[in-house]
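Sequence order for the protein chains is X and Z.
With this note's numbering applied, the first sequence corresponds to residues 3 to 104, in that order.
With this note's numbering applied, the second sequence corresponds to residues 45 to 207, in that order.
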Amino acid sequence: MTAIPLGHILTLAALLFSLGLVGVLTRRNVLIMLMSVEVMLNAVNLTLVGFSRYNAWTEGHVLAFFIIAVAAAEAAVGLALVLSVFRLKQTTYIDDLRLLKR
Amino acid sequence: MAAQIAFGLIAACMLSAGLLAVTSKNLVHSVLWLAVSLVATAALYVTLSAPFLAAMQIMLYTGGVITLMLFGVMLTDHRHDVGVLNASTRRLPGILAAGAVFGVLASAMLGVGMPAAPAQFDSSTAKLGALLFADHLVAFEALSVLLLAAMLGAIVLARRHDA
């Protein structure tokens, strides 16, 4: 797909990143916030793959591969944290999680 | 021309699925829309001559992360969701902040000469394997240690302590 300019791919990635940011900032369910972080990481990966295609730089794929693996690790630990907090407080809404506030 | 149509379709699919994943009231719908968005990204990777990454995207994200998320939804209780969903959400400031971030990213792109795609690009799995296991071997091993630590940490965190 050499007919698509790099700018299109970067704009798409920036839009996806902002979409994920909207999710992190406006949703109050920890699970949805985790998913929004995944959307943001995915957008970053898209810029890496786009740049490596247009600069003929295969190392970008290696970096994107590392990011996918780190995102999987983040999801696993994040969900374990959500589960253990849920067991303690019976909620997944961050407004109810203010153990450190007082 | 076919390339433009394919890109437009994939981009529309990614963005609308991402939007629905972020805004959907139903958690399970949210997770499934996220899966659609991630699969569309894998399709875009194929068109950007990254077939190995597309396969990894489907195996790790759609196969692993989405399944984990569904288990997370299943294991937590969401009977209260119908009533006071997003009670304290300040939606407008969040959208404005994200729009500002998009503005910064877009203005960084403006006025910069974008390279045209080179015809020759070796992204075969053999090339990637040589890069991963020769040039970046230390980083790869560190990644495997990180995954092991994450796995152990997840087990320890999610374990019942009264059992």
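The beta-carbon is built from N, C-alpha and C at its ideal position, and this holds for glycine as well.
What you are looking at is a predicted structure, and each value in this text was computed from that prediction instead of being measured.
Could you tell me if the beta carbon of residue i falls within a distance shorter than 8 Å of some heavy atom in the ligand GDP?
i: Thr60 (chain X); result: With respect to the ligand GDP, the structure offers nothing, as it holds no ligand at all.
So residue i packs on residue j, CB below 8 Å; how close in whole Å?
i: Ala77 (chain X); j: Leu112 (chain Z); result: 5 Å
i: Ser81 (chain Z); j: Met58 (chain Z); result: 5 Å
i: Val66 (chain Z); j: Ala74 (chain X); result: So it is not a contact: roughly 20 Å between Cβ atoms.
i: Ile70 (chain X); j: Tyr89 (chain Z); result: Not confirmed; about 11 Å, so no contact.
i: Leu154 (chain Z); j: Phe68 (chain X); result: No, Leu154 (chain Z) and Phe68 (chain X) are not in contact; Cβ-Cβ is about 30 Å, not under 8 Å.
i: Ile6 (chain X); j: Ala47 (chain Z); result: 6 Å
i: Val79 (chain X); j: Ala198 (chain Z); result: 5 Å
i: Met42 (chain X); j: Phe19 (chain X); result: 5 Å
i: Ile49 (chain Z); j: Ala84 (chain Z); result: No, Ile49 (chain Z) and Ala84 (chain Z) are not in contact; Cβ-Cβ is about 15 Å, not under 8 Å.
i: Ser93 (chain Z); j: Ser167 (chain Z); result: 5 Å
i: Leu99 (chain X); j: Gly52 (chain X); result: Wrong, their Cβ atoms sit about 37 Å apart, outside the cutoff.
Could you tell me which residues DSSP puts in a beta bridge with residue i?
i: Asn31 (chain X); result: X:Tyr95
Output yes if chain X places a C-beta closer than 9 Å to the C-beta of residue i; else output no.
i: Val66 (chain Z); result: yes
i: Leu53 (chain Z); result: no
i: Gly197 (chain Z); result: yes
i: Val80 (chain Z); result: no
i: Ala193 (chain Z); result: yes
i: Val75 (chain Z); result: yes
i: Gly62 (chain Z); result: yes
i: Val108 (chain Z); result: Note on identity: in this sequence residue 108 (chain Z) is Gly, with Val being the wrong assignment. Output row for Gly108 (chain Z): interface = yes.
i: Ala178 (chain Z); result: no
i: Leu181 (chain Z); result: no
i: Arg83 (chain Z); result: For the sequence presented, residue 83 (chain Z) should be read as Val rather than Arg. No, no contact with chain X.
i: Gly155 (chain Z); result: no
Could you compute how far the alpha carbon of residue i sits from the alpha carbon of residue j?
i: Arg55 (chain X); j: Thr91 (chain Z); result: 10 Å
i: Ala98 (chain Z); j: Ala86 (chain Z); result: 4 Å
i: Asp97 (chain X); j: Ala174 (chain Z); result: 48 Å
i: Ser68 (chain Z); j: Ser74 (chain Z); result: 5 Å
i: Ala15 (chain X); j: Val46 (chain X); result: 7 Å
i: Glu185 (chain Z); j: Arg134 (chain Z); result: 43 Å
i: Gly116 (chain Z); j: Pro95 (chain Z); result: 30 Å
i: Met195 (chain Z); j: Ala79 (chain Z); result: 22 Å
i: Arg204 (chain Z); j: Leu85 (chain X); result: 10 Å
i: Phe165 (chain Z); j: Thr120 (chain Z); result: 46 Å
i: Leu181 (chain Z); j: Ala141 (chain Z); result: 39 Å
i: Ala58 (chain X); j: Thr28 (chain X); result: 38 Å
i: Gly25 (chain X); j: Gln101 (chain Z); result: 21 Å
i: Met45 (chain Z); j: Thr169 (chain Z); result: 28 Å
i: Val64 (chain X); j: Thr49 (chain X); result: 13 Å
i: Val32 (chain X); j: Ala82 (chain X); result: 12 Å
i: Leu63 (chain Z); j: Leu17 (chain X); result: 10 Å
i: Ala226 (chain Z); j: Leu23 (chain X); result: No answer is possible for residue 226 (chain Z): it lies beyond the span of chain Z, which begins at 45 and ends at 207.
i: Val157 (chain Z); j: Leu102 (chain X); result: Note on identity: in this sequence residue 157 (chain Z) is Gly, with Val being the wrong assignment. Those two C-alpha atoms are separated by around 49 Å.
i: Gly62 (chain X); j: Glu40 (chain X); result: 19 Å
i: Ala66 (chain X); j: Val148 (chain Z); result: 23 Å
i: Arg89 (chain X); j: Ala202 (chain Z); result: 9 Å
i: Thr13 (chain X); j: Leu190 (chain Z); result: 32 Å
i: Ala160 (chain Z); j: Val72 (chain Z); result: 41 Å
Is residue i close to chain Z, meaning its C-beta is less than 9 Å from at least one C-beta of that chain?
i: Leu101 (chain X); result: no
Short-range partners of chain B found in the segment 32-56 of chain X, where Cβ spacing is below 8 Å: Note that chain B does not occur in the displayed structure, where the protein chains are X and Z.
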